[in-house]
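Quick mapping for you: the protein sequence lines, in order, are chains H and W. Residue numbers for the first sequence, in this note's numbering: 1 to 340. Residue numbers for the second sequence, in this note's numbering: 1001 to 1330. For every residue, glycine included, the Cβ atom is placed at its ideal position computed from N, Cα and C. Written out below as structure tokens is the structure these notes cover.
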Amino acid sequence: MDSPFPHPEHALALYRTMARIRAFENAAEIASQGGVSAYGQQATGTVRVRGPLHLSTGQEAVPAGVCAHLKPADYLTSTHRGHGHTLAKGADLGRMMAELFGKATGFNGGKGGSMHIADFSVGMLGANGVVAAGLPIAVGAAHAQKLQRREAITVCFFGDGAINRGPFLESLNWAQVYRLPVLFVCEDNRWSATTASGPMTAGDGASARAEALGIAATQVDGNDVFAVHATAARLVDEVRSGNGPRLLHALTYRVKGHVSVDPAAYRDPAELAAALATDPLARARTACTRAGLTAAAIDAIDAEAHAEVEAALAAAAAAPWPDAAAAFTDIQTTGAGQWH
Amino acid sequence: MALSIDTTTELSYAEAAVLALQREMEADPNVVVIGEDVGRGGIFGQYKGLQQRFGDQRVIDTPISEAAIMGAGVGMALAGLRPVVEMRVVDFALCGMDELVNQAAKNRFMFGGQGRVPLVARMPGGIWDASAAQHSQSLEAWFAHMPGLVVVSPSTAQDNYSLLRSALQCGDPVVYIEHKGLWGARGPVDESVAVALGQAARLRTGDALTLVTWGKQVHACSEACDALARQGVSVDLIDLRTLWPWDRDTVLASCGRTRRLLVVHEAVQAAGFGAEIAATAAEATGCRIARLGAPRIPVGYAAVLEAQSRVSAAAIATAALQLLDQTVPA
């Protein structure tokens, strides 16, 4: 069942966030084909986006619905599948594309790429190449916020695969012991790389594990952006009010393979078809038009997002590479220059 | 323990660290301590009295969660704090390796210099008498291998005071390896003495050979130098103090003069940091080199087994004489 429809302005803003993520992921997917040797493919060496690229296509409703409630001072930690979180937190789309291209104008000056996207200026403390690695960093950041009596909170995105790593337990326990202002968001896309998460997970999953530690957990249809938005509003408010951590378990689906060159031939086509039938953008569009918004207004958002991404692709292609000397900067101050 | 002092006083290695922390915590409200048992002073007394002085919001007792302790330290540092991350012993720090190696060490570079991770991870190393294989390791070479990390190994109370302060001020992630066997070692501590990271200490001056070491092995090497002096062999003894960045200028200048280098460490000799120093010295100066470390065996429990991993003063003196093509006196 669909959730109550928000104010039309909010509805369109949520749709816009999702549309920008979708347009970005689609463009990045195309630009990355032949970019990495895996899944039977060989890297060509001539593509614009090199290396493994983890797409969040089909999962846009979760970051859009959650991050709508965040302020620039709030922190966010992300995963290897972090483009959506980054955009939803307010980071610049063009600089993210430039980073995927490895260009000097990217957020990290070309030092990180897709798996290490970060924009500290908007509180986005980094995607991460290691599953569950963002959780302890998030509780540390939230701990600092509490010790410094800031009003800000930390949101920690992670996947369903992460709940089987030790740092998940350590971090949830830590957050609850110190009553930290952190919202854990399990973005459950059902897949741990090329293995279904369900058969690899004992018990009742993320929510049950959180509740075992006394952390209130709420499950939501992660492909219904308005449901995510409404649920996250309550949880963010509770966390911001000093009630300690909360966990949001958002059920979604990874429409693409583990990385962009993974055809995901290992899964049942019927499962994918069922997931595509619940596509979050299509559902939001339907809800918007049902609420009286015009198709033209929504089409315009799609067109804007497409144009923004096209401009980002062109700018990234034209941008300079980093100087080779940049390989020797931002490593450490103590002992800088001693590389051998 | 008298902590309010202005001049040189005699302190233990542990007390010197407490004093350094006290001074840094007084100077900077962003310095916090996180770790197991720190509120009760730490298992070695290396945090004694600090929670009473600064409260439980700055000296924070934590669950036994090394990954979270180290990872939270990274998050705290990114958010503006300067955490002292207590790992209890270096052997337990292995439970927080992703957080140290993949996160703390790489954060600044990977994110293009957007953030820094000014944390000091204290992880006491070395043989802790009769504590066997999981509480007795010397793993400094692992960390010296990692771009982004500073690695410190003090051998005296004075250096523990001065280097811990430097470590907390430097702004980089620091692996701070105190020796489990030195906590009670007493020595003069002058609060006005600053020791820069990367600066070795030349403890003795000699012509016959250069002897480079660090940590508790400094004391065994000093003993060996006494024995060698009785045979007329004078040694340039260098306490490296910081393993990364290490003080090449001091070491290479000495090797250039003596033409012979012996590196001694408590860690397993194979792939130890002594190999790095010896190779560098040989490349740069053409000097003769020798290394002396533990055999590549786990540290045993029974005294006779444990002894096989110890590098004794007698073994050091023997290695020095062999390097000089002299025989060991009967």
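{"Asked": "Cβ of W:Gly1125 within 8 Å of any chain H Cβ", "Found": "no"}
{"Asked": "Assigned exposure category for H:Met1 - 16 Cβ within 10 Å defines buried", "Found": "Residue placement at H:Met1 is poorly supported in this model, since its pLDDT is 46, which falls under 50; the coordinates still yield a value, given next. H:Met1 comes out exposed."}
{"Asked": "Buried/exposed call for W:Val1304, threshold 16 Cβ in 10 Å", "Found": "exposed"}
{"Asked": "DSSP three-state assignment for H:Met1, whether helix, strand or coil", "Found": "The predicted position of H:Met1 is uncertain, since its pLDDT is 46 and thus under 50; no value can be drawn from it."}
{"Asked": "Short CB-CB distance (under 8 Å) between H:Ile215 and chain W", "Found": "no"}
{"Asked": "Inter-residue Cα distance where the pair is W:Leu1262 and W:Arg1291", "Found": "6 Å"}
{"Asked": "Contacts around H:Trp339, its chain only, beta-carbon distance under 7 Å, and the 5 residues preceding and following it disregarded", "Found": "Phe328"}
{"Asked": "Touch test, the region 1042-1053 of chain W against the region 1010-1021 of chain W, Cβ-Cβ under 8 Å, three pairs minimum", "Found": "yes"}
{"Asked": "Minimum length 4: unbroken alpha helix (DSSP H) runs contained in the region 281-319 of chain H", "Found": "295-318"}
{"Asked": "Extent of the continuous beta strand (DSSP E) to which W:Asp1061 belongs", "Found": "1059-1061"}
{"Asked": "Residue ranges of each beta strand (DSSP E) within the region 1286-1310 of chain W, 3 or longer", "Found": "1288-1294"}
{"Asked": "Cβ-based neighbour list, W:Asn1160, same chain, cut-off 6 Å, excluding 5 preceding and 5 following", "Found": "Tyr1013, Ala1016, Ala1017, Pro1154"}
{"Asked": "Whole-angstrom distance between W:Val1152 and W:Ala1314, CA atom to CA atom", "Found": "26 Å"}
{"Asked": "H:Pro320 to H:Gly35 span [Cα, whole Å]", "Found": "19 Å"}
{"Asked": "Inter-stretch contact (C-beta, 8 Å, three-pair minimum) for the region 62-82 of chain H and the region 115-135 of chain H", "Found": "yes"}
{"Asked": "CB contact flag (H:Pro63, H:Gln176, <8 Å)", "Found": "no"}
{"Asked": "Delimiting residues of the alpha helix (DSSP H) encompassing H:Glu25", "Found": "8-31"}
{"Asked": "Residue-chain proximity (W:Gln1057, chain H), Cβ-Cβ < 8 Å", "Found": "yes"}
{"Asked": "Neighbouring residues, chain W, relative to H:Asp170 (Cβ below 7 Å)", "Found": "The question names Asp, but residue 170 of chain H is Glu in the sequence shown. Here the neighbours are Ser1065, Ala1067, Ala1068."}
{"Asked": "Entirely enclosed alpha helix (DSSP H) segments - the region 184-266 of chain H, minimum 4 residues", "Found": "206-212, 225-240"}
{"Asked": "Which of helix, strand or coil DSSP assigns to H:Gln148", "Found": "coil"}
{"Asked": "Beta-carbon spacing of H:Gly102, H:Arg50 below 8 Å", "Found": "yes"}
{"Asked": "Interface flag, W:Glu1099 vs chain H, CB-CB below 8 Å", "Found": "yes"}
{"Asked": "Cβ-heavy atom distance, H:Ala206 to the ligand NAP, below 7 Å", "Found": "In terms of ligand content, the structure shown is empty, and the ligand NAP therefore cannot be addressed."}
{"Asked": "C-beta neighbour in chain H for W:Gln1103, strict 8 Å", "Found": "yes"}
{"Asked": "Bridge partners - W:Ile1367, DSSP secondary structure assignment", "Found": "Chain W is shown from 1001 up to 1330; residue 1367 of chain W falls before or after that span and cannot be answered."}
{"Asked": "Backbone secondary structure at W:Gln1114 - three-state DSSP", "Found": "coil"}
{"Asked": "Chain-ordered chain W contacts of H:Gly112 [CB-CB under 9 Å]", "Found": "Phe1109, Met1110, Phe1111, Gly1112"}
{"Asked": "Extent of the continuous alpha helix (DSSP H) run through H:Ala175", "Found": "166-177"}
{"Asked": "Cβ-Cβ separation, H:Thr79 to W:Pro1245 (assumed contact under 8 Å), whole Å", "Found": "Not really, about 34 Å apart at Cβ, beyond 8 Å."}
{"Asked": "Proximity winner among W:His1145, W:Ser1138, W:Ala1185, W:Gln1114, relative to W:Val1101 (alpha-carbon distances)", "Found": "W:His1145"}
{"Asked": "H:Tyr266 versus H:Ala193, H:Ala315, H:Ile30, residue with shortest Cα-Cα distance", "Found": "H:Ala193"}
{"Asked": "C-alpha gap between W:Cys1337 and W:Asp1239, whole angstroms", "Found": "Beyond the ends of chain W as shown, which are 1001 and 1330, falls residue 1337 of chain W; an answer cannot be given."}
{"Asked": "Residue range of the unbroken alpha helix (DSSP H) whose run includes W:Ser1162", "Found": "1157-1169"}
{"Asked": "Contacting residues, own chain, Cβ-Cβ under 6 Å from W:Thr1008 (five flanking each side not counted)", "Found": "Pro1188, Asp1190"}
{"Asked": "CB contact flag (W:Asn1030, W:Gly1080, <8 Å)", "Found": "yes"}
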